[in-house]
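Asks:
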Amino acid sequence: MALILNIETSTAICSVALGNEGELVAEKIDTEGQNHAKLITVLIKELLKDSKYSMSDIDAVAISQGPGSYTGLRIGTSVAKGICYALQIPLLTINTLQALANNTSLSATGLRCPMIDARRMEVYCQLFNADLKPLSEIEAKILDEKSFSSLLEKQEIAFFGNGAEKFSEICHSPKAKFFNNIYPKASQMILLAQKAYLDKDFTDVAYFTPFYLKKFQVTTSKKKLL
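Have a look at this one:
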C-alpha cells in the first residue's frame, strides 16, 4: 500500500490530495488565490485529519514540478522537501501539464493541449494524445491567430487551463475546442504519482528545483516613491 500526499501550487489555486494505491482519498482546495504560503500547511493538516491519517502514515510526497508560477512552485517545493526530510520518505515530481491533461472531466477524443498562463499572450503548453503520451516538448509559446493552425487543419485539439481563455479570443478554427474551469489540481496527480512510486522514480530531495521554464522576472512598480 502506498499513501501519497500530492501538492499542487503551480497557479494561483492551491490544492493538496491524498492518494491510496492510485485512488483519491480526499482533497482540499483553496480557490481564493495567492494564499499558498499561508494556507498550504493548514490544508495538509485538515486533509489528514478529515481522512483519519497522521503525517507518519505518508509513504511519499508528490509535488507538481512546473512549469507555472515561480512563487507558487517555490512554496510547494519547500513544503514537500520539508516533509520528505522530516519523515525520510521519497519525493516524486510530476509534470504539471501532464497532470492537467489527466483530467477525467474532460470530454475530448482528439489531442489535448493544457495551457498555463505566463502573462500577456504567452502560455506554457504541451501537446498530448488521448493516452496522455507527450507529442511535443514543454514550451513557453507566444500565441497569435496562426498558433497550432497546421495541426488544426487535420484534427481537433482540446485547449484548457487558465491560459486557454486568451487563445479562445483569437483562435476561430472549428476544430479548436475550448474547455473552461479546468485548472491544475492535486487530485490530477494521483495516478501519475502512484506510477512513479511503483517505478521507484524518486527525485533527489537535496538537489531538486522546480521546472520554472523561464527565469523569474522582477517588475518595477510604476508608482512614484514618496
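Read left to right, the sequence shown gives residues 1 to 226 (UniProt numbering). All C-beta atoms in this analysis are idealised placements derived from N, C-alpha and C, irrespective of residue type, glycine included.
Measure the beta-carbon distance from P174 to T11 and round it to whole angstroms, keeping in mind my assumption that it falls under 8 Å.
Replies: Contact doesn't hold; Cβ gap of about 29 Å is too wide.
Asks: Can you list, in chain order, the stretches of the beta strand (DSSP E) that have 3 or more residues and sit fully within the stretch 19-55?
Replies: 23-30
Asks: Is it buried or exposed, K28, if we count other Cβ atoms within 10 angstroms and call 16 or more buried?
Replies: buried
Asks: According to DSSP, is A206 helix, strand or coil?
Replies: coil
Asks: Closest by CA to F128, which one among L143, Q155, R120 and D117?
Replies: Of the candidates L143, Q155, R120 and D117, Q155 places its Cα closest to the Cα of F128.
Asks: DSSP beta-bridge partners for I116?
Replies: Y124
Asks: With distance defined between alpha-carbon atoms, name the residue in Q34, Q88, G76 and K38 nearest to D57.
Replies: Q88
Asks: Starting from the N-terminal side, write out each stretch of the alpha helix (DSSP H) that is 4 residues or longer and does not extend beyond the stretch 125-209.
Replies: 149-152, 164-168 and 190-198
Asks: By the 10 Å Cβ neighbour count, where 16 or more other Cβ atoms means buried, how is T109 classified, buried or exposed?
Replies: exposed
Asks: Just confirm the distance between the C-beta atoms of V123 and L106, as a whole number of angstroms; I'd bet it's less than 8 Å.
Replies: In fact, because the Cβ distance is near 17 Å, the residues do not count as touching under 8 Å.
Asks: Measuring CA to CA, which of T31, M1, K45 and G66 is closest to M189?
Replies: G66
Asks: Which one of E23, R112 and I116 has the shortest CA to CA distance from K133?
Replies: R112
Asks: From what residue to what residue does the beta strand (DSSP E) around L106 run?
Replies: No beta strand (DSSP E) holds L106; DSSP gives it neither H nor E.
Asks: CA-CA distance, L135 and N103?
Replies: 17 Å
Asks: Would a C-beta distance cut-off of 8 Å place V79 and S51 closer than the cut-off?
Replies: no
Asks: Can you list, in chain order, the residues of its chain whose CB lies under 7 Å from that of L192, leaving out five sequence neighbours each side?
Replies: I94, Q98, A99 and N102
Asks: In this structure, does DSSP put L213 in helix, strand or coil?
Replies: coil
Asks: Compute the distance between the beta-carbons of G22 and Q194, then report whether it is under 8 Å.
Replies: yes
Asks: Look at the alpha carbon of C84 and the alpha carbon of D204, and state the distance between them as a whole number of angstroms.
Replies: 10 Å
Asks: Along the chain, where does the beta strand (DSSP E) that runs through A62 open and close?
Replies: A60 to S64
Asks: Nearest-angstrom Cα distance between K200 and L91?
Replies: 10 Å
Asks: So what's A12 in DSSP terms, helix, strand or just coil?
Replies: coil
Asks: Can you tell me whether M115 is buried or exposed? The criterion is at least 16 other CB atoms within 10 Å of its CB, across all chains shown.
Replies: Buried is the call here.
Asks: If you reduce the DSSP assignment to three classes, tell me which class A80 lands in.
Replies: It is helical.
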